[in-house]
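Engineer: Residue numbers (full-length UniProt numbering), protein chains in the order written: chain A, 1 to 174; chain B, 1 to 641.
In structure tokens, the structure reads:
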């Protein structure tokens with residue numbers, strides 16, 4: 001009889017998760033990368049595949065690094081927020097199109113607007129591995145020396161932006 | 001007045017559902033024929049009142065009764081008449097009513113077409129279906145009353161533009177026919193566990209019901225995928241969206257169930273396993289409802305959501321699925337394992353089929369719920385998309401499709417391997433040869449294309465061998481046999497469509513000024529500009545694209561960009577020239593400066609084959625149901641283990 005109990009056991013665990021899922025909101029996650037240099041990459045630009053960008057090119061700037069994809073539903077939630085932020089111009093946003101077809105990604109930017117200074121294409125997700133990306137969207141704040149100072153998992157909300165990211169940006173820009 | 005009647009009818013249906021479940025179930029346990037005999041009339045009366053409620057809601061929508069909250073939120077005085085009717089199930093409340101209505105339809109069908117069922121079996125099946133219906137009615141009355149009134153509103157806020165489409169008139173009812181149809185197999189399984197009698201006749205009763213539900217679900221999913229293709233304006237046919245996964249998971253388990261039912265009926269094996277799959281298929285239907293309705297997952301096409309409803313459905317899941325699995329744990333060991341079979345036999349092929357299908361379901365379930373697990377653990381809201389699903393799903397489905405060629409040719413109990421190999425070697429050789437060479441004629445050789453061709457040709461060849469073998473032995477007409485082969489051919493057709501479109505599709509995303517031409521494959525698209533247009537409940541821009549091939553006109557396409565006036569929602573309406581070997585797909589992007597537009601142009605080879613294949617699968621299922629065997633009396637033809 002024991003093995004016939006397995007499905008029930010799995011189901012109970014599932015219900016536990018579903019129950020918690022009904023209540024909890026996403027929270028900030030500690031990342032082992034905070035305080036460490038942003039992992040290096042050299043990737044082609046979405047706008048022009050002949051050109052490349054690497055974090056070293058952005059030394060001396062405080063910048064946001066946003067990992068997204070056209071197939072990611074929750075990325076669409078944060079898209080508006082990022083668009084507003086890019087219009088205010090407080091901090092430049094660079095995107096990484098993660099495991100995606102460049103054509104699809106470009107279509108999303110055409111359709112919903114483009115908040116990014118540039119987007120690099122991580123076709124096979126190899127650069128993403130170094131950043132510990134386990135799902136999109138993820139957003140990193142990187143300082144003038146190329147050190148990761150903050151990581152946000154999930155869609156960036158107005159609240160996260162005003163309470164965490166922007167104050168930190170101001171501090172780092174001084 | 002009419003909405004109140006509908007509301008009242010729902011309350012009466014709730015009470016009748018309680019009667020329909022308790023009396024027959026207790027009656028069957030105590031062997032009380034009078035209590036058992038309540039099942040049929042109670043079920044029919046319950047359906048009558050649910051139908052009245054459904055009619056009342058449809059009436060409120062058709063007459064634009066804006067004193068009903070549901071109507072105000074999902075309709076508009078300018079909404080075309082056909083969509084006013086569709087709006088009946090365009091909302092959360094309405095679609096729950098549709099769910100219950102369809103459950104009633106299936107219960108009615110059981111009362112009508114299962115006269116040959118033993119009294120206690122019938123009482124239990126209808127009783128279990130009554131319990132499910134009770135849950136849904138209670139859910140509606142407690143959290144989602146479709147007849148809720150308010151102060152008369154001036155006008156409504158319109159139906160979601162995504163749903164204003166002819167496909168949405170038929171897609172949800174057919175999809176639900178499939179979803180809810182698994183409740184019959186579920187009820188049969190629970191009845192079998194309760195009675196402790198699980199023999200071949202049990203499998204034979206539930207087989208046609210399961211196949212019917214599966215066929216509806218196949219068509220429902222196909223229509224959903226087609227709708228996503230032409231309506232979302234992105235040019236894809238599957239997005240691995242949680243809502244799509246919610247219908248794919250019961251389909252996968254349902255497919256496994258159809259195959260394991262065959263073993264249980266023919267050989268008496270896989271009994272406990274079959275019961276488990278029957279519980280699983282319906283449980284995943286319910287889970288899908290929870291995922292779509294509760295808002296725990298974000299989806300491209302999610303509807304209005306509400307956590308209190310989620311809590312109710314979760315409790316309901318806990319009672320129905322948890323209760324069933326508990327019953328399964330308590331009783332399954334008594335069901336027994338059935339006939340023995342050798343390592344290489346049709347049984348073992350079907351076992352591998354079941355394992356692969358269940359693994360695929362598990363992978364989809366994990367991918368769908370992984371974001372939720374992370375969220376529940378406080379690790380953030382993320383999406384898991386096509387990169388995960390494609391890399392997990394394709395390797396599981398490839399051997400599955402390959403096996404579906406061999407399985408039907410293998411003997412029960414034990415396969416004579418050399419004999420089978422001799423029968424298949426020419427077919428296999430020919431499939432490999434053609435599969436390797438054919439892609440060269442398409443310009444570029446790609447390994448995935450050859451693999452796709454191989455799988456497809458392999459099915460065609462093995463079906464031909466099987467059918468020829470059958471004709472030679474003159475075993476006579478068997479709807480079941482030919483239905484299976486037709487469904488397998490459908491898989492072959494779908495595989496061709498998927499292979500071609502994923503490997504040879506061309507897409508151009510371009511800026512076009514009036515008079516510009518762009519060539520995609522052999523087709524030249526000329527942009528003739530955009531005109532303003534006014535629809536019944538929207539304004540917009542209508543583009544004109546002249547398509548020609550080698551100087552000869554092919555088609556004129558009019559993709560649109562619409563703004564729905566009531567909601568202010570912008571919307572892309574693609575224009576497609578359909579063809580058996582290719583679709584030309586166009587969509588308008590943004591308006592750019594100087595009268596130019598960004599335009600998306602796709603050439604999609606063989607994309608309709610994906611859906612034609614699905615239709616063949618469903619037709620195969622429907623053909624199988626007509627098999628004489630399902631209509632003969634229960635005494636004859638029960639298999640011996």
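Glycine residues also receive a C-beta, built at the ideal position from the N, C-alpha and C atoms.
Owing to the predicted nature of the structure, the values given are computational and were not obtained by experimental measurement.
For residue 11/A, tell me which candidate among 350/B, 284/B, 269/B and 63/B has the shortest Cα-Cα distance.
Structural biologist: 284/B
Engineer: Rounded to whole angstroms, what's the CA-CA distance from residue 19/A to residue 311/B? Just pull it up for me.
Structural biologist: A direct Cα-to-Cα measurement between residue 19/A and residue 311/B gives close to 7 Å.
Engineer: Is residue 21/A close to chain B? Criterion is C-beta to C-beta, closer than 8 Å.
Structural biologist: So, interface residue.
Engineer: Could you give the distance in angstroms between the alpha-carbon of residue 491/B and the alpha-carbon of residue 617/B?
Structural biologist: Each residue's Cα considered, the two are about 7 Å apart.
Engineer: Against chain A, does residue 144/B count as a neighbour if the rule is that its beta carbon must be under 8 Å from one of theirs?
Structural biologist: no
Engineer: Who are the near neighbours of residue 26/A in its chain, counting only those whose CB is closer than 6 Å to its CB and skipping five residues on each side?
Structural biologist: Low local confidence applies: a pLDDT of 36 at residue 26/A is under 50, so the model's placement there is unreliable, with the coordinate-based value given in what follows. Counting only Cβ-Cβ distances below 6 Å, and skipping sequence neighbours, we find 154.
Engineer: Below 7 Å CB to CB, which residues in the same chain sit around residue 564/B once its five sequence neighbours on both sides are set aside?
Structural biologist: 158, 161, 537, 538 and 571
Engineer: Excluding the five sequence neighbours on either side, which residues of its own chain have a C-beta within less than 7 Å of the C-beta of residue 125/B, listed in chain order?
Structural biologist: 110, 187, 188 and 191
Engineer: Would you give the residue range spanned by the beta strand (DSSP E) that residue 509/B belongs to?
Structural biologist: 506-512
Engineer: Kindly indicate the opening and closing residues of the alpha helix (DSSP H) around residue 173/B.
Structural biologist: 166-195
Engineer: Under a Cβ-count criterion, where at least 16 other Cβ atoms within 10 Å of its own Cβ denotes burial, should residue 108/A be classed as buried or exposed?
Structural biologist: buried
Engineer: For the stretch 588-613 of chain B, enumerate the residues whose C-beta is nearer than 8 Å to any C-beta of chain A, in chain order.
Structural biologist: Of all residues in the stretch 588-613 of chain B, those with a C-beta nearer than 8 Å to a C-beta of chain A are 589, 590, 598 and 600, reading in chain order.
Engineer: For residue 385/B, return the contacting residues in chain A, with the cut-off set at a CB-CB distance below 7 Å.
Structural biologist: 69, 71 and 72
Engineer: Report buried or exposed for residue 421/B, applying the criterion of at least 16 other Cβ atoms within 10 angstroms of its Cβ.
Structural biologist: Residue 421/B sits exposed, since fewer than 16 C-beta atoms from the chains shown fall within 10 Å of its C-beta.
Engineer: Which residue from 528/B, 333/B, 498/B and 532/B puts its Cα closest to that of residue 556/B?
Structural biologist: 528/B
Engineer: Where are the alpha helix (DSSP H) runs, 4 residues long or more, that stay fully inside the stretch 379-426 of chain B, in chain order?
Structural biologist: Counting only runs of 4+ residues, the alpha helix (DSSP H) found wholly inside the stretch 379-426 of chain B occupies 386-406, in chain order.
Engineer: Please list the residues of the stretch 318-333 of chain B that have a C-beta atom closer than 8 Å to any C-beta atom in chain A, keeping them in chain order.
Structural biologist: So the close ones are 318, 321, 322, 325, 326, 328, 329, 330, 332 and 333.
Engineer: What are the start and end residues of the beta strand (DSSP E) that includes residue 89/B?
Structural biologist: That residue, residue 89/B, is in no beta strand (DSSP E); it is neither H nor E in DSSP.
Engineer: Specify, as a first and last residue, the run of the beta strand (DSSP E) that residue 531/B falls within.
Structural biologist: 523-534
Engineer: How about residue 241/B: is its C-beta nearer than 8 Å to some C-beta of chain A?
Structural biologist: Interface residue, yes.
Engineer: Does the beta carbon of residue 525/B come closer than 8 Å to any beta carbon on chain A?
Structural biologist: no
Engineer: Assess contact between the stretch 113-124 of chain A and the stretch 152-170 of chain A, defined as three or more Cβ pairs (one per stretch) separated by less than 8 Å. Is contact present?
Structural biologist: no
Engineer: Using 8 Å as the threshold, is the stretch 250-264 of chain B in touch with the stretch 202-215 of chain B, meaning 3 or more CB pairs across them?
Structural biologist: yes
Engineer: Helix, strand or coil for residue 300/B per DSSP?
Structural biologist: Note that residue 300/B scores a pLDDT of 42, beneath 50, so its modelled location is shaky and nothing firm can be said.
Engineer: Residue 375/B CB to nearest chain A CB: under 8 Å?
Structural biologist: yes
Engineer: Of the choices 5/B, 375/B and 348/B, whose alpha-carbon is the least far from that of residue 74/A?
Structural biologist: Closest in C-alpha terms to residue 74/A, from the list 5/B, 375/B and 348/B, comes 375/B.
Engineer: Can residue 360/B and residue 281/B be called in contact, C-beta distance under 8 Å?
Structural biologist: Not a contact, by the Cβ cut-off of 8 Å.
Engineer: Indicate whether at least one CB of chain B lies closer than 8 Å to the CB of residue 50/A.
Structural biologist: no
Engineer: Please name the residue in 148/A, 96/A, 144/A and 152/A whose C-alpha comes closest to that of residue 127/A.
Structural biologist: 96/A
Engineer: Starting from the Cα of residue 286/B, find the closest Cα among 313/B, 150/B and 277/B and give me that residue.
Structural biologist: 313/B
Engineer: Residue 541/B by DSSP, collapsed to three states: which one?
Structural biologist: In the structure shown, residue 541/B falls within a strand segment according to DSSP collapsed to helix, strand and coil.
Engineer: So, with DSSP's three-state summary, where would you put residue 122/A?
Structural biologist: strand
Engineer: Closer than 9 Å by beta-carbon distance: list the chain A residues that pair up with residue 509/B, in chain order.
Structural biologist: 103, 106, 107 and 110
Engineer: Tell me where the alpha helix (DSSP H) around residue 139/B begins and ends.
Structural biologist: 119-143
Engineer: State the Cα-Cα distance for the pair residue 604/B and residue 236/B, rounded to the nearest angstrom.
Structural biologist: The alpha-carbon of residue 604/B is positioned some 10 Å away from that of residue 236/B.
Engineer: Are residue 596/B and residue 533/B close, meaning C-beta to C-beta below 8 Å?
Structural biologist: no
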